[in-house]
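Residue numbers (the UniProt record's numbering), protein chains in the order written: chain A, 1 to 373; chain B, 1 to 373. The beta-carbon is built from N, C-alpha and C at its ideal position, and this holds for glycine as well.
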């Protein structure tokens, strides 16, 4: 077995250890971390002698019975056709971008109707936005306002479709929500989207109390939420009372372990070798991918607002999410984490699934605890 | 491709949809959950027509650069030799159990010395225990006391080695800790271990204020922590002010999705087809595996104390952990979650690794917030 020998074909220290004690000891050597300490150390020492990549065999993932029947349909959906097709040039990206935003959008009408939300298009700070207002706005939320930044790899979902997550938050959380239709690659790479988000944030905080505000978004929108916080913090702009980055794309340099462990397990993004990695380069536009305002995991999180982060066990960006959570905690920021069983990237946004209402309800409760009335 | 056709070899609705719009649309269809809503719904409908198991190809997992060098040695360690060897009979289990507890344990001496902890053996409520006391006991912790339940699949780590996690908590958190050397399978299956834990809990709460107490443990010890809470809650016994189940083994019936997704990704437990699944049967001793006091995920979590749960992205029991977290939250219990990058089962217990100190520090801070001084 490959894991029993080092690169030179010699027995590893671990193999020798097992050999020395005989086959009967082998299962105990497999137990170490389950509460044992000494073998843990032995494993660390064996690893220190030769930390190495691990071969994982092909496997079949059943549809889990541990999620709602509605979500089982989503978890059990096949890989999206053509996930690995990357546009050859800017025109190819533009054409996909247009398709990703092209209406009509019956699902948006269904969300507005079922969750009782009204939506209007407007401009704030010169930037196009969609404003979602719940028909039953609770008294406590009359002076509160959320800023929403949509996902789509900084390329997809221009126009109203990008505001869908904002409409769901307005419906489930009964907050007023401003969704930013920010400029995107290929025509407007970094920092255009961040500039647009900043312009709206500045305009909104000029006439609203930031202590009554929160910022949220998923995937690229979660990364952009954190980038906006880094920029505002460094520039001395007001910060909101809370943020909610969902499956945030915080490391466009692709260092997260879940890009390997959840590759082909995630049935949304599938693998960074698909369009995601290409979109990172497109958005960065020649800037280093580990630039903190592009990949906020490389920034300074000290002083950021309380945060709630959301992911799924099959999410290709699970590591992006939990790395951001840990870095916030290490910086002394109050930060909550919720991870949903069996969900691939951003599947907590799937409309009309029980787990989605649960995710939004948690985020709304977090906002309610942190925002001044 | 298997994911493009249903069981009858017919094109799926998804394939037909992609076909109808042409190949150029395919990558957009892969984007849906990244903030988009309409294709999400389309995917759900396609899945509803045919939710199915997913084939995951063989892969190579690099050692992540996103963890400390000390932890890289642990993450990059090969699969433990003989992880899949299951004892043929009770004598085989007994022999492994003895080996798992056999000293000397130089790592325990190192923990006591470096973390400045004194340990004594004693009996409480008639049950053997190890009491860990930090040499510098903070004034705030003088009247506080933690109960520790060790891991090891309800079979392994009798004696002092099982108290190692308790010594680390005493050292990192500077709390007094009582570690229970409870009876285990094969000679003492369920409910012997739970009975022993209950006896110690009753004896301790007779002379200590439960509001100044917490209960914690990892793996089987995390499951046992929750089982003890279910039993105490149902019996009207006092409950502690907080609990900390780490990578808790809450579903011995094996329904968790991560048993599939992290099989052969986790380099500690490796796969439920190894000793873990056999230990579940051994511990249950003929009782149904979904008995709530055996698999607490099937119990009623209403009224349980505030909890902090810990896991790793490669943990075979990641889903056990996050399912318990979500169930606690749905029951209205305050519950925090922390997940560590690249860590397999219970690797947050690896001594003298920065991430371990981080994990213990979080748990200790959670206890400090919830326990009466």
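For residue i, the three-state DSSP class (helix, strand or coil)
| i | result |
| --- | --- |
| residue 255 of chain A | coil |
| residue 405 of chain A | For chain A, the structure presents residues 1 to 373; residue 405 of chain A sits outside this window and is missing. |
| residue 68 of chain B | coil |
| residue 272 of chain B | coil |
| residue 27 of chain A | For residue 27 of chain A, the pLDDT reaches just 38, beneath the cut-off of 50, and the residue's location in the model is therefore unreliable, leaving the point undetermined. |
| residue 312 of chain A | strand |
| residue 292 of chain B | coil |
| residue 88 of chain A | coil |
| residue 106 of chain B | helix |
| residue 354 of chain B | helix |
| residue 56 of chain B | strand |
| residue 73 of chain A | helix |
| residue 61 of chain B | strand |
| residue 364 of chain B | helix |
| residue 263 of chain A | coil |
| residue 245 of chain B | strand |
| residue 307 of chain B | strand |
| residue 239 of chain A | coil |
| residue 21 of chain B | At residue 21 of chain B the pLDDT is 29, less than 50, meaning the model places this residue with poor confidence; the figure from the coordinates comes in the next sentence. Here residue 21 of chain B sits in helix by DSSP. |
Whole-angstrom distance between residue j and residue i, CA atom to CA atom
| i | j | result |
| --- | --- | --- |
| residue 284 of chain B | residue 152 of chain B | 15 Å |
| residue 142 of chain A | residue 173 of chain A | 13 Å |
| residue 171 of chain A | residue 347 of chain A | 18 Å |
| residue 325 of chain B | residue 78 of chain A | 28 Å |
| residue 69 of chain A | residue 341 of chain B | 30 Å |
| residue 278 of chain B | residue 253 of chain B | 11 Å |
| residue 358 of chain A | residue 109 of chain B | 46 Å |
| residue 157 of chain B | residue 150 of chain B | 8 Å |
| residue 374 of chain B | residue 83 of chain B | Residue 374 of chain B is absent from the structure shown; chain B starts at 1 and stops at 373. |
| residue 296 of chain A | residue 281 of chain B | 46 Å |
| residue 306 of chain A | residue 322 of chain A | 15 Å |
| residue 89 of chain B | residue 98 of chain B | 15 Å |
| residue 338 of chain B | residue 140 of chain A | 31 Å |
| residue 57 of chain B | residue 107 of chain B | 39 Å |
| residue 113 of chain A | residue 71 of chain A | 22 Å |
| residue 309 of chain A | residue 331 of chain A | 15 Å |
| residue 205 of chain B | residue 169 of chain B | 20 Å |
| residue 370 of chain A | residue 117 of chain A | 23 Å |
| residue 327 of chain B | residue 301 of chain B | 7 Å |
| residue 51 of chain A | residue 63 of chain B | 7 Å |
| residue 239 of chain A | residue 210 of chain A | 6 Å |
Listed by chain order, chain A residues near residue i by CB distance under 9 Å
| i | result |
| --- | --- |
| residue 338 of chain B | 322, 325, 326, 329, 337 |
| residue 255 of chain B | 64, 65, 66 |
| residue 58 of chain B | 55, 56, 57, 58, 59 |
Beta-carbon neighbours of residue i, restricted to chain B and to distances below 7 Å
| i | result |
| --- | --- |
| residue 267 of chain A | 54 |
Buried versus exposed, by CB contacts within 10 Å (16 or more), residue i
| i | result |
| --- | --- |
| residue 303 of chain B | exposed |
| residue 126 of chain A | exposed |
| residue 144 of chain A | buried |
| residue 74 of chain A | buried |
| residue 314 of chain A | buried |
| residue 217 of chain A | buried |
| residue 380 of chain B | Only positions 1 to 373 of chain B appear in the structure, and residue 380 of chain B is not among them; the question remains open. |
| residue 319 of chain A | buried |
| residue 317 of chain A | buried |
| residue 186 of chain A | buried |
| residue 67 of chain B | buried |
| residue 207 of chain B | exposed |
| residue 191 of chain B | buried |
| residue 180 of chain A | buried |
| residue 219 of chain A | buried |
| residue 123 of chain A | exposed |
| residue 101 of chain A | buried |
Neighbour list for residue i in chain A, Cβ cutoff strictly below 8 Å
| i | result |
| --- | --- |
| residue 313 of chain B | 257, 258, 261, 318, 319, 322 |
| residue 166 of chain B | By Cβ distance, chain A contributes nothing, its closest Cβ being about 10 Å from residue 166 of chain B, past 8 Å. |
| residue 362 of chain B | 329 |
9 Å Cβ cut-off: residues of chain B touching residue i
| i | result |
| --- | --- |
| residue 264 of chain A | 54, 55, 56, 57, 59 |
| residue 358 of chain A | 326, 329, 330 |
Chain A residues whose Cβ lies nearer than 7 Å to that of residue i
| i | result |
| --- | --- |
| residue 342 of chain B | 257 |
So within the segment 317-345 of chain A, which uninterrupted beta strand (DSSP E) runs reach at least 3 residues, ignoring any that extend past its ends? 335-340
Kindly provide the ranges of any alpha helix (DSSP H) runs that are 4 or more residues long and lie completely inside the segment 116-191 of chain B, ordered along the chain. 164-173
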